[in-house]
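Here's the structure, in structure tokens; my notes come after.
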Amino acid sequence: MTQISSDDVQRLAQLSSLQLADSEADSLAADIENILGYVQQLAELDTTGVEPTYQVTDLENVWRDDKVIESAVAREQLLALSPESHDNQVKVPKVL
Amino acid sequence: MSHISAIVTDVKSGARTARSYVEEALKKAEETEAYHALLSLTSERALKRADEIDVRVAAGEDMGVLAGVPFVAKDNFLAFGAPTTAASKMLENFDAPLQATAIEKLEAAGAICVGKANLDAFAHGGSTENSAFGPTKNAIDQTKVAGGSSGGSAVVTALDVVPFALGTDTGGSIRQPASFNGVVGIKPTYGTVSRYGVVAMASSTDTIGCFTKDMADAELVMDVMSGRDRNDMTTLPDFFAPMTSVKPAQKIGLIKDFMSDDVDADVRARTNEYVEKLRAAGHTVEEIDMPIAKYALAMYYIIVPAEVSSNLARYDGIRYGHRAEGVRTLAELYGKTRDEGFVTENKRRIMIGSFVLSSGFFDAYYQQAQKARTLLINAYDELFAKYDVLVGPVAPTPAFGIGENAEDPVKMYLADIMTVPPSLAGLPAVSVPAGTNNAGLPIGVQLIGPRKSDANLMALARSMEEK
């Protein structure tokens, strides 16, 4: 069975852009280990030569014309949703 | 409140106004506040729309097949008149700039959204206990869970606040709460109803459906919502047309794997009674084996978290939704925003998704689950070559106590074991009230059909209602 430590959880949290408190990481480690323990029963199934299924619509490549579609939503409305904007742009903290 | 067709007849004939129906729904919503089924009311907009409809009806206009009918939408549908929160802190103050296609279609047919229903945050859960704003209580016993994730929608329907409510069903989120509260719940064939404007959870199994008191009402609602939408490329050309009469002498398979001793005795008893009624109505019911079905939950809890981790990556505090204060770098902004905006179950699923998709584990988990999904679909195909419909319980138990499963995620997930298999295969499935246990808690039976057989399932269930 896959063992999941608090460190593993913190690594997963980092991959998931989640900043976790240590106390939460501890309890999540146990939960995630239990869930992974449960799903490991799939290893019992013989899937040799079986193709995976990623979608169930039977649809293939639904094409549309390569044209700009007028949006019902105005740029100002979308900008108004952002926590901070400036000069018609979304404002974020510096990256580097 | 009356059935949908009676309301529409009243409103169109002028016997009652749309406003009076909206006012009745809003009053009932206030009277039933203790259940915490609703997160917001859209009173102002609803009354305005009702008045408009009344004026136009008086002027002789045909206001549509749902003229004046009030309804509630799960709060993961983008709608005007109140914030769309997905029951999360992340979207607590999110005012949708557009409405979901499903809501637009219902409004075009004359229906009126009066409120937004509680859910497990981002629809992650089976009890509505994961709402960031507190759980919804079961309509029959307030010490029990509402089921989930569309718990609020099921409860407002059961309490008769509105004649129908919208939900989403990714692995049972309509069918299970319908069963727990004694109402009809419809999960259509994958692709029947546009998901545009609905908060995405797991894109390969997310579907939109409804709660009603009976099948005739559900047929009306699904007929309005179904059909292709250029804004959701997974929608199918409209195939849904309610059937006037039920196909006689259907061949039905009872899924034996979900009738074992670990399933609640009352649940098995009500299911067996329903089977006897099907036989009495001239249908053939045979027990069938579906050994792969017990693996479906394991597939689901790999595939769905993988898709969740990807769909919830968009909540980063940049363009909309919650943004954490007091951060200095971009990484900190993402991390703290997402820590504050998500509930524990959201984080659990996102991290499991990151795990099963990460290099070194991808083949053993994600790829194996998608191959197993093919085996599950093959098993259904073989069964549907012989049977028109499959029948079984909706959930292994009636509604459990609030807090009872909260500490054990795997135990909570097991409540989905019977609803998840059709979801992975994209099949239609309906939850039908089938009586109660000794304590009066409702029990539902599930009917499952091949893809696009929604109308047959609903006609069959409708024909059994009076029996």
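Protein chains in written order, with this note's numbering: chain W, 1156 to 1251; chain V, 825 to 1291.
Just so it is clear, CB atoms sit at the ideal spot from N, CA and C, and this is done for glycine as well.
Rounded to the nearest angstrom, how far is the Cβ of residue i from that of residue j, given a contact under 8 Å?
| i | j | result |
| --- | --- | --- |
| F946(V) | L1136(V) | 7 Å |
| D1062(V) | S1018(V) | No, D1062(V) and S1018(V) are not in contact; Cβ-Cβ is about 11 Å, not under 8 Å. |
| Q923(V) | L943(V) | 18 Å between Cβ atoms; not a contact. |
| R1219(W) | R1054(V) | 7 Å |
| L862(V) | V980(V) | 7 Å |
| A951(V) | G972(V) | Note that residue 951(V) is Ser in the sequence shown here, rather than Ala. With a Cβ gap of about 5 Å, S951(V) and G972(V) count as contacting. |
| I1272(V) | Y1189(V) | Not quite, the Cβ-Cβ distance comes to about 27 Å (not below 8 Å), so this is no contact. |
| G892(V) | E868(V) | Contact doesn't hold; Cβ gap of about 17 Å is too wide. |
| A849(V) | P894(V) | 4 Å |
| T1095(V) | G1216(V) | 7 Å |
| T1016(V) | L983(V) | Wrong, their Cβ atoms sit about 27 Å apart, outside the cutoff. |
| V1211(W) | A1148(V) | Not really, about 38 Å apart at Cβ, beyond 8 Å. |
May I ask which residues mark the beginning and end of the alpha helix (DSSP H) holding residue i?
| i | result |
| --- | --- |
| V1171(V) | Reading the sequence as shown, one finds Lys at residue 1171(V) and not Val. Counting along the chain, the alpha helix (DSSP H) containing K1171(V) begins and ends at 1168–1181. |
| Y1255(V) | Residue identity differs from the one stated: residue 1255(V) is Ser in this sequence, not Tyr. Element bounds for S1255(V): not the alpha helix (DSSP H) but the beta strand (DSSP E), 1253–1260. |
| T1108(V) | Unbroken run through T1108(V) is the beta strand (DSSP E), 1108–1112; no alpha helix (DSSP H). |
| V1132(V) | 1120–1135 |
| L862(V) | Not the alpha helix (DSSP H): L862(V) falls in the beta strand (DSSP E), residues 862–865. |
| K929(V) | 925–932 |
| L850(V) | 842–855 |
| Q1192(V) | 1192–1210 |
| P799(V) | This structure cannot speak to residue 799(V), because chain V is shown only from 825 to 1291. |
| Y1098(V) | 1089–1104 |
| V835(V) | 828–837 |
| D1278(V) | 1278–1288 |
| Q1165(W) | 1161–1170 |
| L1044(V) | 1039–1049 |
| T1161(V) | 1154–1165 |
Would you decide whether residue i is buried or exposed? Buried here means 16 or more other CB atoms lie within 10 Å of its CB.
| i | result |
| --- | --- |
| I1224(W) | exposed |
| Y1209(W) | exposed |
| V879(V) | exposed |
| H1241(W) | exposed |
| D1240(V) | buried |
| Q1174(W) | buried |
| A933(V) | buried |
| K961(V) | buried |
| E1169(V) | buried |
| N1280(V) | buried |
| R1230(W) | exposed |
| A883(V) | exposed |
| T1153(V) | exposed |
| Q1194(V) | buried |
| A1185(W) | exposed |
| Q1192(V) | buried |
| R873(V) | buried |
| T967(V) | exposed |
| E928(V) | buried |
| V1256(V) | buried |
| N1262(V) | exposed |
| V1217(W) | exposed |
| K1011(V) | buried |
| Y1121(V) | Before going further, note that residue 1121(V) is Leu rather than Tyr in the sequence given. With 16 or more Cβ atoms within 10 Å of its Cβ, L1121(V) is classed as buried. |
Can you give me the start and stop residues for the beta strand (DSSP E) that residue i sits inside?
| i | result |
| --- | --- |
| V1213(V) | 1213–1217 |
| I1224(W) | I1224(W) -> no beta strand (DSSP E), and no H or E assigned at all. |
| A989(V) | 988–993 |
| V1269(V) | 1266–1272 |
| K1246(W) | Per DSSP, K1246(W) belongs to no beta strand (DSSP E) and is neither H nor E. |
| A1065(V) | Where A1065(V) is concerned, there is no enclosing beta strand (DSSP E), given that its DSSP letter is neither H nor E. |
| V896(V) | 894–898 |
| G1077(V) | 1075–1079 |
Do residue i and residue j have their CB atoms nearer than 9 Å?
| i | j | result |
| --- | --- | --- |
| A842(V) | D886(V) | no |
| A1196(V) | L1197(W) | yes |
| V1228(W) | P907(V) | no |
| T1108(V) | I1076(V) | yes |
| R1286(V) | L1251(V) | no |
| E1289(V) | M1039(V) | yes |
| S1178(V) | G995(V) | no |
| N900(V) | M1049(V) | no |
| L1181(V) | S829(V) | no |
| Y1158(V) | D1140(V) | yes |
| P1220(V) | V1087(V) | yes |
| A1253(V) | T1243(V) | yes |
| A978(V) | A963(V) | yes |
Taking only beta-carbon positions, decide if residue i is within less than 9 Å of chain B.
| i | result |
| --- | --- |
| Q1232(W) | In the displayed structure, chain B is absent; the protein chains listed are W and V. |
For a minimum of 4 consecutive residues, which ranges assigned as the alpha helix (DSSP H) are wholly contained in the stretch 998–1036 of chain V?
If only uninterrupted alpha helix (DSSP H) runs of at least 4 residues are considered, those enclosed by the stretch 998–1036 of chain V are 999–1005.
Beta strand (DSSP E) runs contained entirely in the stretch 1176–1233 of chain W, provided each spans 3 or more residues:
none
Jot down the residue ranges of each uninterrupted alpha helix (DSSP H) in the stretch 937–990 of chain V, minimum 4 residues, whole runs only, in chain order.
975–982
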